[in-house]
Each structure stands twice: as structure tokens, then as C-alpha cells.
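Heads up: the sequence lines are chains B and U, in that order.
For what it's worth, my numbering labels the leading residue of the first sequence as 1, then goes sequentially.
For what it's worth, my numbering labels the leading residue of the second sequence as 312, then goes sequentially.
Just so you know, even glycine gets a beta-carbon here, dropped at the ideal spot from N, CA and C.
A quick note: this is a predicted structure, and the numbers were derived from the prediction, not measured.
Let me begin by presenting the structure, written as C-alpha cells, before commenting on it.
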Amino acid sequence: MDITTFTSKRSFLYGLMFLILVLFATLPFCVPPYLVILLTTIFMYVIITLSWTIFSGPTRYISLASAAFFGVGVYTSALLGKTLPLPVVIAAGSLFSFILALCIGLLTLRLRGMYFIIFTFSISELIRHFLLWWETTMTGTVGRWVVIVDHTVVYYVILVIFVLVLLAAYLIRRSRFGLALRSIGEQEEAATHIGINATLVKTITFAISAFFMGATGAIMATKWKYIDPRIAFDPLLSFMPVLMAIFGGTGHLLGPVFGAAVFAYIEEILTTKFPYYYMLLFGSILIVVILFLPHGMVGLVQKWRKEGLRR
Amino acid sequence: MLSTILDVVIGGLIMGGIYALIAVGLSLQYGVGRVLNVSHGEFIMIGAFATWSLYTLLGVSPLVSLVICGPVLFIIGFLIHRTLFQYLRDQSESIGAFADSSLLASFGLLFIIQNLALLIWKADIRGYSYLDSSFSVLDAVFAVNRLVALLFAVVISSVFYIFLTCTRLGKAIRAAAEDPTTAQVMGVNIHRVLAICFGLGALMAGFAGPLISMIYEIQPTMGLEYTIIAIIVVVLGGLGSITGSLIGGFILGLIGSIVTYFDAGLSLIAYYVIFILLLLVRPTGILGK
Chain B
1 MDITTFTSKR SFLYGLMFLI LVLFATLPFC VPPYLVILLT TIFMYVIITL
51 SWTIFSGPTR YISLASAAFF GVGVYTSALL GKTLPLPVVI AAGSLFSFIL
101 ALCIGLLTLR LRGMYFIIFT FSISELIRHF LLWWETTMTG TVGRWVVIVD
151 HTVVYYVILV IFVLVLLAAY LIRRSRFGLA LRSIGEQEEA ATHIGINATL
201 VKTITFAISA FFMGATGAIM ATKWKYIDPR IAFDPLLSFM PVLMAIFGGT
251 GHLLGPVFGA AVFAYIEEIL TTKFPYYYML LFGSILIVVI LFLPHGMVGL
301 VQKWRKEGLR R
Chain U
312 MLSTILDVVI GGLIMGGIYA LIAVGLSLQY GVGRVLNVSH GEFIMIGAFA
362 TWSLYTLLGV SPLVSLVICG PVLFIIGFLI HRTLFQYLRD QSESIGAFAD
412 SSLLASFGLL FIIQNLALLI WKADIRGYSY LDSSFSVLDA VFAVNRLVAL
462 LFAVVISSVF YIFLTCTRLG KAIRAAAEDP TTAQVMGVNI HRVLAICFGL
512 GALMAGFAGP LISMIYEIQP TMGLEYTIIA IIVVVLGGLG SITGSLIGGF
562 ILGLIGSIVT YFDAGLSLIA YYVIFILLLL VRPTGILGK
């Protein structure tokens, strides 16, 4: 492939992406509201999965703290939403998540592999149980009402966050920073020896990924009207991005986007009518994917492509 | 005063006995097989619900169910390891990669088992009364079923401990825990031993389930809480150390009982705090190397 076709292919891709974006931006004017709401939920999962992949994809540190970061955003929105304007609330939500992730990142320096996974899960569950206990014994009321925002506004905010997280994921992947992350994932000792400050790189990336989850939580809270610790810190929100990313494949930027979109759509169809069957399906697909598609759908496509080229 | 202390201590020992039983099971699965089985609690839940169904529908005594549930779950666990986890282990490049993928696979198992149970038994909280007469010692009142549960938990863990230390299979399991490759070289059929370990973990869950159903309320979503407790106990006692898990179970049970005395809502929070502090200060646990 010579350089001109390469660049033209690239500009074609950019153009395509831009077109798709414009399409999504004009969508609320020409489709019924329920489709907009469905798309909002799908984008929510895409954002969370993509931001999970920013950190956990290259480093192979599986984080189960997504629910914590999302929940912090939700609670920020519930607490500040009545007094402050929406952009400030969202900024505050993402900032609080960012700070929480920095703290967790600094605390877990020594932990690796399994310890890291269960530590992140425990932190998120600890926050949930503590809030539940606090609300039942201290304030006496569990849950709170959130100021409602118009669903098209929610949609546009989600769309903006999606573009930002896609951009961030792309830039991190392409930069030296992303290279450092990948070498940490390959072998951390070696990465440290060639002069990468593994601690710093890991912590910052972890916090960046939390930043977007917090923002998403803050805006999604306004869609739900009522929230409590069980909704905001639902442990399923920690498991979902892992499955969605693995299903899509973490080897390519579009893997998690695709995986999350497919799953979120299936969930939206099945979850209201057959919640147990949905979770049953969820578990079965998880096992099948881990057994037979360790590199996800993207890995499958890449394999097909390679075989096609060879032929 | 004395009766309160006795009450809290006995309560702690009962919880501790069950925690120890559960943790020993998980310790075998993770310490030897490197499968952090987050669906461990689901096996407990199955045991508990099978017991509930047998007792309320057919009037089978929970202590008889215990003898049925254990072996049945052993076979299920053995088969799951032989098919699912053995395949994953052979596919994985490293033991670390296997630990990650088997954790995710066991999450899959969790969702499957839990939702099957929700379809069969619905989401309601269940309970039944069995041996619920009580007697008092020094003004402290004890229900018979709690003491029977404690007795069974202690007997089962002791027998199991003797099995691990004194039999040939027990020796093979301990060798596999130390170093799977060398054990294989020395003639241990590693795939069989690992599957047996996983099965034994399920066996412990199958024993714990009926005991739990005798003294606590049960529901299909109860599994994860017990899994978490088991993970905490295993880390507390030191990964791979069976003795550590036994001691850790009783320690956590006592702490839980003391916290519950002050505020029942705080016990799970206390466990998480202990766990997080433990991971930060001494991730190798009490008896870990």
C-alpha cells in the first residue's frame, strides 16, 4: 500500500466518522423520543466500556471499580443538581471521580493481578454499603430525587462525552503514553527498567478513565429522577464494561464500542420483560466468549482479514 | 454482662464455623487451582435452596440433605472443572492469564446459576424452622439448631483437615498447591487433582448451604455476600493456607458478631474495611509466606 492511498483511506475514515457523528447529532429531530432514550442508554454503556478499556485494556489490570466512579457522579448530581447549573454539576462529578481514582490508584501501588481486582471491587462495594447504612441510620431516608433534565439535552451531553472519550482513547493509544501503558501490560518490571514511571502512568490513566465515568454518572442521574445507593453503585455496572470490552475485543478502539453497543441493545430489549433470562444469556455469552473468542469480535475480524490477505 | 459476652462469643463461633467451612472450599479452588471462584456463593445458595425445598415439600431433614447436597455438588464441581476450567488452563499462555480468564468465567457461572435459581425459586426470602427449641446457660439463650450447625461445621472442617494431612490424595493436593509443575513431574495427575480440588470446594459449599439455611434466611441473591466473606477470610488467613482459612474464619466470625452486637448494618462494612486495610498492610495474610 503506497502512501497516497494510505492517507486518502485515512481521510476517508475521518470523513466517515464525521458523517456518522452529524447523523447522530441530527437524530433527535427526526426519530421518536423513545429511540433517543434508547440511544442515550447505549451511549452510556459505550462510554463506560471505552473508558474502562483506556486503563484496563493495555495494562491488563482488570478494574471492578467502574460502579464506584459512576456512582460518585450520580451522587454528585443528586446533591448539587438543585443548586448548580448542569455543566458545573457534570464537571464536579467527573472531578470527584477523578480524585477518588487518584486515591485508589495511589493506594493500590503494591497490588497486582487478583489482589487488584478484588481490591477495586471491595472499594466500590464498601462505598455502596456505607452509603446505604448512612442513609438508613443517619438521615433516615434512603435515596433521593434528582432534578430532571430534558431527554434531548441528556442525549447531547452524552454524545459530547462520547466524542471526548473516543478522542481521549485514540490520543492515548497513539501517544508515547499509550506505548508505556502497553509495556506495563506486557511486563511491568521491564517497563520500569527502561525508565517508565509505572506508578505515575498507571495512576493518571486510571484517573482519566474514572473522569469520564463520573461525567456519565452525573448526567445519567438526571434521566433516572430517583436514585439510591443500590442504583448508583450497582455492582453490575462494574462487571458489564469488562464483559462488553472482552466481547468486542480490546485490541482495537472500535472493539469496546461495538461490544457495548450490541450488549446494551440486547439489554434494553430483554431486561424489562425477561430480566432473569437476560442475565442468564449474559452469563452464557461471557463464558462462550472467554472460551472461544479470547480476543473478542475484533480479534475474529482481524483473523478473517489476515486469512483473506493470505489467500 | 457475662451472658451478653457469652452470647456474642457463641454467635461469633457459629458464624466463624460456617465462614471457615466456606473459606476452606474457596481456598482449595484458588490456592491450588488458581480459580478465584466468585460463583462459590452460588453453590452455597443451591445447597441452601435444595435443603429448603426438600424440607418444606418432602419433609426431609436438613441434616440428611447435607449428606445429599455435598456429594452432588462435588460431582457438578468436578465436571465443571474438567470441562470449562481445564480447557481454559490449557489455552492460557501463563498462570496469571489463566487466573484472569477463570475469574471472568466464574462470573459467568455466577450469573447463570443465580438466574436459574431466580427462575426456579423466585426472588423471595425463604426460611423454615427446624430444631428451633432453645435452652439457656448462664442466662444466655441458645437455639439448638445453631449449636448443631456449629458442631457440624467443626466436625466437617476437622475431618477435612485430617484428610488433607494424612491421606495420599491430600498429599497430592498439597503438592499441587506448592508447585503444580513439579508435582506433575513426580507423578501427580494434575488435571485430576485440580478437578478434585474444585469439586471439594463445591462439596464444602454443599455442606455449608444446608447449615446456613437452618439458621439464617435465604434468597437466590445471597451467594455473592458469602463469596465475598470467603475471599476476605482466605486473604486474611493467607492464600493457599488451609489452616489459615480455618483460623481466619473464626476470627472474622467473632469480629462480625461483635460488630453486629452494636449495629447489625455495619457488619458487612466492617468486613470490607478489614479487607481493604489487610490488602494494604499485609496482603499475604496471617499465615501467608
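Continuous alpha helix (DSSP H) stretch holding residue i: start and end
i	result
L368 of chain U	Run containing L368 of chain U: none; DSSP gives neither H nor E here.
A68 of chain B	S66 to L80
T203 of chain B	A198 to W224
E536 of chain U	G534 to G548
Q402 of chain U	Q397 to Q402
Y45 of chain B	P33 to T59
A334 of chain U	L313 to S338
V455 of chain U	V455 to C477
M138 of chain B	Element bounds for M138 of chain B: n/a, residue is neither H nor E.
V160 of chain B	H151 to R174
T571 of chain U	I553 to F573
F96 of chain B	L86 to L107
G388 of chain U	P373 to I391
H502 of chain U	I501 to I526
I287 of chain B	P275 to F292
8 Å Cβ cutoff, residue i in contact with chain B
i	result
I355 of chain U	no
N348 of chain U	no
I436 of chain U	no
I580 of chain U	yes
V570 of chain U	no
D411 of chain U	yes
Y583 of chain U	yes
A483 of chain U	no
A460 of chain U	no
G407 of chain U	yes
L565 of chain U	no
L577 of chain U	yes
Proximal residues of chain B, C-beta to C-beta of residue i below 8 Å
i	result
P594 of chain U	R110, L111 and Y115
G512 of chain U	Here the premise fails: no neighbours, minimum Cβ distance about 16 Å.
L421 of chain U	G283
I292 of chain U	In the structure displayed, chain U extends from 312 to 600; residue 292 of chain U sits before or after that span and is not available.
L399 of chain U	I290 and L291
L395 of chain U	I287 and L291
Distance between beta carbons of residue j and residue i, contact taken as under 8 Å
i	j	result
G214 of chain B	F96 of chain B	6 Å
G327 of chain U	G560 of chain U	5 Å
A334 of chain U	A464 of chain U	In fact, because the Cβ distance is near 11 Å, the residues do not count as touching under 8 Å.
C380 of chain U	A410 of chain U	Rounded, the Cβ-Cβ distance is 28 Å, inconsistent with contact.
Q530 of chain U	R437 of chain U	7 Å
G549 of chain U	L598 of chain U	4 Å
H502 of chain U	Q397 of chain U	6 Å
C508 of chain U	V343 of chain U	5 Å
G358 of chain U	A516 of chain U	6 Å
G299 of chain B	G249 of chain B	5 Å
T53 of chain B	P256 of chain B	4 Å
Residue i at chain U interface by Cβ criterion, 8 Å
i	result
M279 of chain B	yes
V147 of chain B	no
F12 of chain B	no
M1 of chain B	Because the pLDDT of M1 of chain B is 48, which lies under 50, any placement of that residue in the model is unreliable, and the number read from its coordinates should be weighed accordingly. Not an interface residue.
F162 of chain B	no
Under 7 Å from the C-beta of residue i: neighbouring residues of chain U
i	result
Y276 of chain B	N426, L429 and L430
L107 of chain B	L591
Chain B contact residues for residue i, given Cβ-Cβ distances below 9 Å
i	result
I587 of chain U	L107, F119, S122, I123 and L126
Amino acids of chain B, ordered along the chain, whose beta-carbon sits closer than 7 Å to that of residue i
i	result
L368 of chain U	Near L368 of chain U there are no residues of chain B at all, since even the closest Cβ is about 22 Å away, more than 7 Å.
A416 of chain U	I287 and I290
Contacts that residue i makes with chain U (C-beta to C-beta distance below 9 Å)
i	result
I62 of chain B	D411, L414 and L415
Any non-hydrogen atom of the ligand HEM within 7 Å of residue i CB
i	result
V262 of chain B	As presented, the structure is devoid of all ligands, the ligand HEM included, so that no description of it is given.
If the cut-off is 8 Å on Cβ atoms, which residues from the segment 288 to 309 of chain B count as contacting chain U, listed in chain order?
I290, L291 and P294
Using a Cβ cut-off of 9 Å, which residues of the segment 222 to 247 of chain B contact any Cβ in chain U, in chain order?
P235, F239, V242, L243 and I246
Looking at chain U, which residues of the segment 130 to 142 of chain B have a Cβ within less than 7 Å of any of its Cβ atoms?
F130, W133, T136 and T137
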